[in-house]
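> Sending over a structure as structure tokens; questions will come in a sec.
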Amino acid sequence: MEFLSDYGLFLLKAVTVVVAIIVVFGFILSAGQKQRSGLKGDIKVTNLGEEIKDHKHTIQSEVLSKAEWKALQKEEKEQDKKEAKEDKKKVKSGKDKESEELEVKPRTYVLDFDGDIEASDVESLREEITAILATANKQDEVLLRLKSPGGMVHAYGLAASQLSRIKAAGHQLTIAVDEVAASGGYMMACVADKIASAPFAIIGSIGVVAEIPNFNKLLKKAHVDYEQHTAGDYKRTITMFGENTSHGREKFKQELEETHQLFKKFINENRPELDIDKVATGEHWYGTQALELGLIDNISTSDDLITKATEDRDVYSVKYEIKRPLSDKLSISLHGFLDKFVWSWVQRSNQSNLYK
């Protein structure tokens with residue numbers, strides 16, 4: 001018993017240290033958020049077609065003989081001249097016939113979303129989408145490379161709403177999942193016209209989870225009083241340090257169920273062909289399993305989609321890079337660490353399901 005008492009006190013001290021660290025980082029995060037409204041960034045555009053072509057040339061220059069390499073370069077120069085002449089004719093035709101729309105090669109804009117618990121990338125995503133919608137032609141499409149284990153409902157709801165802007169503007173939206181789109185990540189993915197996934201990417205987890213430790217008994221053993229005063233029956237339902245009641249637990253569970261119903265309704269509206277009751281169990285699946293369930297539309301990596309798009313479209317990567325102060329960088333690093341810790345813990349706790 002003495003050992004348990006000592007261990008409890010040690011654990012309480014450890015928790016106190018952790019809380020203190022979180023408070024310090026909270027101040028750092030708060031300071032970063034106050035500055036965030038004034039943060040500026042730059043749009044960086046990369047021609048992925050040219051990038052792929054450059055890589056191809058690098059290999060060809062090494063593996064081909066000198067004669068073959070020179071012949072290939074000559075052939076490509078002639079092709080470039082031919083395409084330039086055709087472009088000039090199109091421009092002239094457009095000037096002569098103002099009523100006709102000038103023909104422009106369709107484009108695919110590629111975006112990246114690397115999600116954390118707070119969906120922090122939504123700050124860049126909204127700027128990228130605004131820039132694309134301001135310049136895109138009606139035949140242009142958007143491909144989003146999505147990676148997210150999920151997170152806060154309101155944050156991922158906003159991210160999904162940003163993607164809805166693309167569809168509302170009449171552009172095709174494809175989402176590619178190479179690794180994971182779970183929970184809030186799938187909330188984003190289901191907005192797309194088409195969802196592609198790598199064979200072993202993790203898809204789904206249409207569920208809601210909330211868990212919180214309670215140290216009330218430990219505090220009582222250490223003769224520490226904890227008081228919390230609220231106005232309103234449900235201002236607080238469960239707490240880390242106070243004594244939780246069955247009344248509070250029931251309300252908390254009710255709120256989780258309501259959130260789950262809203263989540264299911266949102267997915268059902270975007271993918272009505274899904275058997276929502278079958279897939280909204282909180283489980284997650286690999287890509288090939290998700291295809292059978294109708295959670296995705298085809299098996300493919302983002303690399304294959306981009307390479308295929310370059311055959312008849314101009315493909316550009318668009319990235320809004322925010323110039324962040326040190327406080328933001330520290331908080332993002334902390335969130336990244338916590339995300340990885342939580343996700344690895346979830347994977348370990350669900351290991352029996354993952355490998356069935």
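For the sequence shown, counting from 1, position 338 maps to 338 in the numbering used here; every step adds exactly one. Beta carbons: idealized from backbone N, C-alpha and C, even for Gly. For clarity, every value in this text was computed on a predicted model and none was experimentally measured.
1) Between Ile296 and Ile59, what straight-line distance do the alpha-carbon atoms span, to the nearest angstrom?
2) Considering only the alpha carbon of each residue, which of Ala196, Glu75, Thr237 and Ala119 lies closest to Gly294?
3) Between Gly151 and the rest of its own chain, which residues show a CB-CB distance below 7 Å, the 5 nearest in sequence each way excluded?
4) Below 8 Å on the Cβ atoms is my guess for Glu141 versus Gln162; work out the distance and round it to an integer in Å.
5) Using a Cβ-Cβ distance under 8 Å, would Gly242 count as near chain C?
6) Between which two residues does the alpha helix (DSSP H) harbouring Asn47 extend?
7) Roughly how many angstroms separate the alpha carbons of Ser37 and Val318, rounded to a whole number?
8) Tell me whether the region 267 to 280 and the region 247 to 259 touch, counting them as touching only if at least three CB pairs, one residue from each stretch, are closer than 8 Å.
9) Jot down the residue ranges of each uninterrupted alpha helix (DSSP H) in the region 147 to 231, minimum 4 residues, whole runs only, in chain order.
10) Can you tell me which of Ile43, Leu48 and Lys40 puts its alpha carbon nearest to the alpha carbon of Asp304?
11) Determine, using beta carbons only, whether Ser302 and Arg145 come nearer to each other than 8 Å.
12) So the candidates are Pro199, Val63, Ala84 and Thr135; which of them puts its Cα closest to the Cα of Trp285?
13) Is Ile267 helix, strand or coil by DSSP?
14) Here's a check: name, in chain order, each residue in its chain whose Cβ is nearer than 6 Å to the Cβ of Glu101, leaving out the five neighbours to either side.
15) Indicate the three-state DSSP secondary structure (helix, strand or coil) for Arg252 in the structure shown.
16) Using only CA atoms, which one of Val180, Ala201 and Ile175 lies nearest to Ala189?
17) In this structure, how does DSSP classify Val104 when only helix, strand and coil are distinguished?
18) Bridge partners of Lys74, per DSSP?
19) Quick check: Tyr109 and Ala136, are their CB atoms within less than 8 Å of each other?
20) Between which two residues does the beta strand (DSSP E) harbouring Asp314 extend?
21) Using DSSP's beta-bridge definition, name the partner residues of Ile299.
22) Distance, Cα to Cα, Lys56 vs Gln289?
23) In the DSSP assignment, what are the bridge partners of Asp54?
24) Sort out for me which residues DSSP pairs Asp114 with in a bridge.
25) Classify Asp54: buried if its beta carbon has 16 or more other beta carbons within 10 angstroms, exposed otherwise.
26) Along the chain, where does the alpha helix (DSSP H) that runs through Leu125 open and close?
27) So the candidates are Phe215, Lys40 and Tyr226; which of them puts its Cα closest to the Cα of Gly124?
28) With a CB to CB cut of under 7 Å and the five nearest residues on each side skipped, what residues in its chain are close to Gly170?
29) What three-state label does DSSP hand Glu257 in the structure shown?
30) What residue does the beta strand (DSSP E) around Tyr234 start on, and which one ends it?
31) Does the region 238 to 248 come into contact with the region 214 to 223, if we say contact requires no fewer than three beta-carbon pairs (one atom in each stretch) closer than 8 Å?
32) Please determine, among Tyr320, Gly204, Ile322 and Ile306, the residue with the shortest C-alpha to C-alpha distance to Glu50.
33) So is Arg107 buried or exposed if we call it buried at 16+ other beta carbons inside 10 Å?
With the structure as the only source:
1) The alpha-carbon atoms of Ile296 and Ile59 are separated by roughly 35 Å.
2) Ala196
3) Gly115, Asp116, Ile117, Glu118, Ala119 and Gly184
4) The Cβ separation is near 16 Å, so there is no contact.
5) This model lacks chain C altogether, as it is built from one protein chain only.
6) Where Asn47 is concerned, there is no enclosing alpha helix (DSSP H), although the beta strand (DSSP E) it sits in stretches over Gly41 to Asn47.
7) Because the pLDDT of Ser37 is 48, which lies under 50, any placement of that residue in the model is unreliable, and the question is left without a value.
8) no
9) 153 to 168, 184 to 189 and 216 to 221
10) For the set Ile43, Leu48 and Lys40, the Cα lying nearest the Cα of Asp304 is the one of Leu48.
11) yes
12) Per the Cα distances, Pro199.
13) Three-state DSSP puts Ile267 in a helix.
14) A caution first: Glu101 carries a pLDDT of 47, below 50, which makes its placement in the model too unreliable to give a value.
15) The sequence shown places Phe at residue 252, rather than the Arg named in the question. In this structure, Phe252 counts as helix in the three-state DSSP scheme.
16) Of Val180, Ala201 and Ile175, the residue nearest in Cα terms is Ile175.
17) Coil, per DSSP.
18) BP columns for Lys74 are empty, so no partner.
19) Yes, they are a contact pair.
20) Asp314 to Ile322
21) Ser197
22) Those two C-alpha atoms are separated by around 34 Å.
23) Per DSSP, Asp54 has no beta bridge partner at all.
24) Lys147
25) exposed
26) Val122 to Thr135
27) The residue asked about is misnamed: residue 124 is Ser in this sequence, not Gly. For Ser124, the nearest C-alpha among the options comes from Lys40.
28) Lys138
29) helix
30) Note, Tyr234: premise wrong, no beta strand (DSSP E); not H, not E.
31) yes
32) Ile306
33) buried
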